[in-house]
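Down below is the structure, laid out as structure tokens.
Protein chains in written order, with the working numbering: chain H, 1 to 314; chain E, 1001 to 1314.
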């Protein structure tokens, strides 16, 4: 009978690690730097060493450990094979097999955004749901989809890459992915800033946004103070994200939509701008999906990674 | 060890039934009328009786039957509970439990379009894929999504209802679902006819379509004969469907897209109009998905229904 599980969230600068009991209680968390040199070949050995140290330190019996779950930024298929993770210097290889050999414990691996969605389902804002869409509004827009309690991985590990669904035919600027009119261009922190900057240039009306730095945070702060121009920006953001989510819901029929990432710190006001657009266009079978804010913050990844292991072990 | 399985496809006017061996060979198929009177309460007893008769006729031992799979037009959740099927007169009840009691065999149930997708994956155009999107272009647009070999059911059984994703903000006519700008309004047989009729009224250029009835069939027949106006209609159809599929693929990352339904009888030309739009806007992780035509026709439903049972039994 397993008592512990490790959850690992591999980011471009730091690796977050968590030791959980199998009920999902986070017993301890810590970080190590992500050493991306040498094509990222040091990353998994560093993780394995850190886990070994924790096992020794805590005097945990190996047979009490269910395994190690890992999330990483890149497409990772259902076998745990990563198909290039640019930020880490990784090409194509099996994270699962490589880390299993290093740590001598069962390993599961998945895309970081998908894994975060699983974490929010398990212990965060999405608790009680088995069919959930999580959208992470940060520098970019990430996504993770859970259907019937499991991560939707997709054929090549690119399931839930909803930041790059096409939402606007008339966009002239290119997205980082090379396409034009991706959801990320409007709903990310960067996208909101872009919408606000555009609106400020087009209009001559007064706005709190003219007084300092323009960012997703200052836009929503201004919205809360009743700033008309900021509200127009929020409306535009809400339309793109709400319409986009309505399409996603038409595909996967979730009962819960979790908004996370830095932008979601704006709070419930975000939902106020997104939900009306969602409800206007969504198929009636998904109209009553509840909108919630993510609650695990940067820990969603380690929670979800741990859960990946328990889904298989359990 | 099971040797046989029944697949049942419940339509508004007829119920199709198939007897398969567990390798998926269709041994015999037949139909019975769908008696929708009395709130559809006769339908499942009729099916049970027909299966009993077939078991007797073929002198099949009950223990050799893995079970009965059933597809029906309406949202059916992962427990086999239908949430209203208007065409059959059904409200909310468990198809699975009800039919299990009647037929005394294990039963699985799913939405007809989802089940057809499973059929095409198993024995049709999608063979070899585990991550597949099937779009059925008939009077309406239906859809079924398979991820990691299993039907994507969704929270309320409305997974894969892709006919009603929102693809056009400027549409003024309403879709049957009540919304405006649904994919079905452009990509169904009815939708193609509507696009053609509109185009004929707006333009004064010559066209084969001015010579007789306008339908999806006559549009694509005219396309094959190089009719310029028909080609404009096909282009518009291709844009809406290709863009829509690109979004769906951004969500579920399929390796295969199956086009089925009456409109797909137009053949490969359909793919020629859809695929360029798909590839233009889709996230790169799904750009190489193959496009294929459905091959099972009206039998997809009974194949998929049989497979539903084997997925659980196997």
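We put the CB at the ideal spot given by N, CA and C, even for glycine.
Note that the coordinates shown come from a computational prediction; the quantities given were computed from them, not determined experimentally.
| query | Can you find a C-beta in chain E that's less than 9 Å from the C-beta of residue 43 (chain H)? | reply | Along the first chain, read from residue 1 onward, the residue named residue 43 (chain H) stands at position 43. Answer no: the Cβ-Cβ gap between residue 43 (chain H) and chain E never drops below 9 Å.
| said: Can you confirm whether the segment 250–258 of chain H touches the segment 124–132 of chain H when touching is taken to mean that 3 or more C-beta pairs between the two stretches lie within less than 8 Å? | reply: Judged by Cβ distances under 8 Å, the segment 124–132 of chain H makes contact with the segment 250–258 of chain H, as three or more pairs qualify.
| query | Less than 9 Å separating the beta-carbons of residue 88 (chain H) and residue 146 (chain H)? | reply | For the purposes of this step, residue 88 (chain H) is taken as the residue at position 88 of the first chain. For the purposes of this step, residue 146 (chain H) is taken as the residue at position 146 of the first chain. No, the pair does not count as a contact, with Cβ atoms beyond the cut-off.
| field | CA-to-CA distance, residue 1204 (chain E) to residue 1225 (chain E), given in whole angstroms | value | One-based indexing of the second chain puts residue 1225 (chain E) at position 225. One-based indexing of the second chain puts residue 1204 (chain E) at position 204. Taking the straight line from one Cα to the other gives about 19 Å.
| field | Anticipated Cβ contact below 8 Å, residue 1210 (chain E) with residue 1200 (chain E), distance rounded | value | As a working mapping, residue 1210 (chain E) is identified with position 210 in the second chain. As a working mapping, residue 1200 (chain E) is identified with position 200 in the second chain. With 8 Å as the limit, residue 1210 (chain E) and residue 1200 (chain E) qualify as a contact, their Cβ atoms being about 7 Å apart.
| request: Assign residue 1142 (chain E) to one of two classes, buried (16 or more other C-beta atoms within 10 Å of its C-beta) or exposed (fewer than that). | output: Residue mapping note: residue 1142 (chain E) aligns to position 142 of the second chain, counting from 1. Classification of residue 1142 (chain E): buried, given that the 10 Å Cβ count is 16 or more.
| query | List, in order along the chain, the chain H residues whose C-beta lies closer than 8 Å to that of residue 1032 (chain E)? | reply | Within the second chain, the letter at position 32 stands for residue 1032 (chain E). Those within 8 Å of residue 1032 (chain E) in chain H number zero; the least Cβ separation is about 29 Å.
| Beta-bridge pairing of residue 90 (chain H) - partner residues as DSSP gives them | Here residue 90 (chain H) is taken as the residue at index 90 of the first chain, counted from 1. Looking at the DSSP output, residue 90 (chain H) bridges to H:85.
| said: I need the DSSP call for residue 1106 (chain E), collapsed to helix, strand or coil. | reply: As a first step, residue 1106 (chain E) must be located in the second chain, where it is residue number 106. Residue 1106 (chain E) falls in the coil class under three-state DSSP.
| message | Strictly under 9 Å for the Cβ-Cβ distance: is residue 153 (chain H) near chain E by that measure? | response | Along the first chain, one-based indexing puts residue 153 (chain H) at 153. With a threshold of 9 Å between beta carbons, residue 153 (chain H) makes contact with chain E.
| Mind checking whether residue 118 (chain H) and residue 151 (chain H) have CB atoms under 9 Å apart? | Here residue 118 (chain H) corresponds to residue number 118 of the first chain, with the count starting at 1. Here residue 151 (chain H) corresponds to residue number 151 of the first chain, with the count starting at 1. Cβ distance < 9 Å, so residue 118 (chain H) and residue 151 (chain H) count as in contact.
| Sorted by chain position, which residues of the same chain lie with C-beta nearer than 7 Å to residue 279 (chain H)'s C-beta, five sequence neighbours on each side aside? | Counting from one through the first chain, the residue named residue 279 (chain H) turns up at place 279. Closer than 7 Å at Cβ, skipping near neighbours: 287.
| task | Starting from residue 78 (chain H), find everything on chain E with Cβ-Cβ shorter than 7 Å and list it in chain order. | result | Residue 78 (chain H) sits at position 78 when you count from the first residue of the first chain. Contact of residue 78 (chain H) with chain E by beta-carbon distance below 7 Å involves 1148.
| Option in E:1252, E:1166, E:1134 with minimal Cα separation from residue 163 (chain H) | Along the first chain, read from residue 1 onward, the residue named residue 163 (chain H) stands at position 163. That would be E:1252, whose Cα lies nearest to the Cα of residue 163 (chain H).
| said: Need the endpoints of the beta strand (DSSP E) that residue 1210 (chain E) sits in, please. | reply: Counting from one through the second chain, the residue named residue 1210 (chain E) turns up at place 210. Element bounds for residue 1210 (chain E): n/a, residue is neither H nor E.
| message | Here's the rule: buried if 16 or more other CB atoms are within 10 angstroms of the residue's CB, otherwise exposed. What is residue 90 (chain H)? | response | Reading the first chain from its first residue, position 90 is the one you call residue 90 (chain H). Buried.
| request: With distances taken Cα to Cα, identify the nearest neighbour of residue 1165 (chain E) among H:266, H:216, H:247. | output: In the second chain, residue 1165 (chain E) corresponds to position 165, counting from 1. Taking residue 1165 (chain E) as reference, the option from H:266, H:216, H:247 with the minimal CA-CA separation is H:247.
| field | Under the three-state DSSP convention, the category residue 1237 (chain E) falls into | value | Counting from 1 along the second chain, the entry for residue 1237 (chain E) is found at position 237. Assigned with DSSP and collapsed to three states, residue 1237 (chain E) falls in helix.
| query | Is the beta carbon of residue 262 (chain H) less than 9 Å from the beta carbon of residue 189 (chain H)? | reply | Along the first chain, read from residue 1 onward, the residue named residue 262 (chain H) stands at position 262. Along the first chain, read from residue 1 onward, the residue named residue 189 (chain H) stands at position 189. Taking 9 Å as the cut-off, the beta carbon of residue 262 (chain H) is found closer than this to the beta carbon of residue 189 (chain H).
| In angstroms, rounded to a whole number, what distance separates the CA positions of residue 1094 (chain E) and residue 1082 (chain E)? | Stepping through the second chain from its first residue, residue 1094 (chain E) is reached at position 94. Stepping through the second chain from its first residue, residue 1082 (chain E) is reached at position 82. Going from the Cα of residue 1094 (chain E) to the Cα of residue 1082 (chain E) covers about 6 Å.
| Would a check of beta-carbon distances place residue 255 (chain H) closer than 9 Å to chain E? | Translated into the one-based positions of the first chain, residue 255 (chain H) becomes position 255. Yes - at least one Cβ of chain E is within 9 Å of the one on residue 255 (chain H).
| message | So, at 7 Å on beta carbons, what are the nonlocal neighbours of residue 308 (chain H) in its own chain, with the 5 sequence-adjacent residues on each side left out? | response | Walking along the first chain from the start, residue 308 (chain H) turns up at place 308. Non-local beta-carbon contacts of residue 308 (chain H) in its own chain, meaning distances under 7 Å to residues more than five positions away in sequence, involve 69, 108, 110, 115, 118 in chain order.
| query | If we cut at 9 Å on Cβ distances, does residue 243 (chain H) have a partner in chain E? | reply | Your numbering for residue 243 (chain H) matches position 243 in the first chain. So yes, residue 243 (chain H) belongs to the interface.
| message | For residue 1323 (chain E) and residue 1208 (chain E), which I take to be in contact (beta-carbon distance under 8 Å), what is that distance rounded to the nearest angstrom? | response | As shown, chain E starts at 1001 and ends at 1314. That puts residue 1323 (chain E) outside it, with no answer to give.
| query | So, helix, strand or coil for residue 1261 (chain E), using DSSP? | reply | The residue labelled residue 1261 (chain E) in the question sits at position 261 within the second chain. It is coil, neither helix nor strand.
| Assigned secondary structure, residue 1165 (chain E) (DSSP; H/G/I helix, E/B strand, else coil) | Here residue 1165 (chain E) corresponds to residue number 165 of the second chain, with the count starting at 1. Looking at residue 1165 (chain E) - three-state DSSP - the assignment turns out to be coil, as it is neither helix nor strand.
| field | Below-9 Å beta-carbon distance, residue 91 (chain H) vs any chain E residue | value | For the purposes of this step, residue 91 (chain H) is taken as the residue at position 91 of the first chain. Among the CB atoms of chain E, none fall inside 9 Å of the CB of residue 91 (chain H).
| said: Three or more C-beta pairs under 8 Å: does that hold for the segment 1233–1246 of chain E against the segment 1269–1285 of chain E? | reply: Result yes; three or more Cβ-Cβ pairs closer than 8 Å.
| request: Pick helix, strand or coil for residue 78 (chain H), following the three-state DSSP scheme. | output: As a position in the first chain, residue 78 (chain H) is number 78, starting the count at 1. Residue state, collapsed to three classes: coil.
| query | Could you give the residue range of the beta strand (DSSP E) that holds residue 14 (chain H)? | reply | Start at 1 with the first residue of the first chain, and residue 14 (chain H) comes out as number 14. Here the beta strand (DSSP E) through residue 14 (chain H) covers 14–21.
| field | Element boundaries [alpha helix (DSSP H), containing residue 282 (chain H)] | value | Here residue 282 (chain H) is taken as the residue at index 282 of the first chain, counted from 1. No alpha helix (DSSP H) holds residue 282 (chain H); DSSP gives it neither H nor E.
| Where residue 1029 (chain E) sits in the DSSP three-state scheme | Sequence index remark: in the second chain, residue 1029 (chain E) carries index 29 (1-based). Looking at residue 1029 (chain E) - three-state DSSP - the assignment turns out to be strand.
| query | Helix, strand or coil: which one does DSSP assign to residue 245 (chain H)? | reply | Position 245 of the first chain holds residue 245 (chain H). DSSP places residue 245 (chain H) in helix when its eight states are reduced to three.
| request: Look up residue 1004 (chain E) in the DSSP assignment and give the residues it is bridged to. | output: To locate residue 1004 (chain E), count along the second chain from 1; it is residue 4. According to DSSP, which records beta bridges pairwise, residue 1004 (chain E) is partnered with E:1021, E:1065.
| task | Given a cut-off of 9 Å, decide if residue 1018 (chain E) and residue 1310 (chain E) are closer than it, judged by their beta-carbon atoms. | result | Here residue 1310 (chain E) is taken as the residue at index 310 of the second chain, counted from 1. Here residue 1018 (chain E) is taken as the residue at index 18 of the second chain, counted from 1. If you check the CB distance, residue 1310 (chain E) and residue 1018 (chain E) do not come in under 9 Å.
| In chain order, what residues of the segment 1264–1289 of chain E put their CB closer than 7 Å to some CB of chain H? | Flagged, chain order: 1281, 1283, 1284, 1285, 1286.
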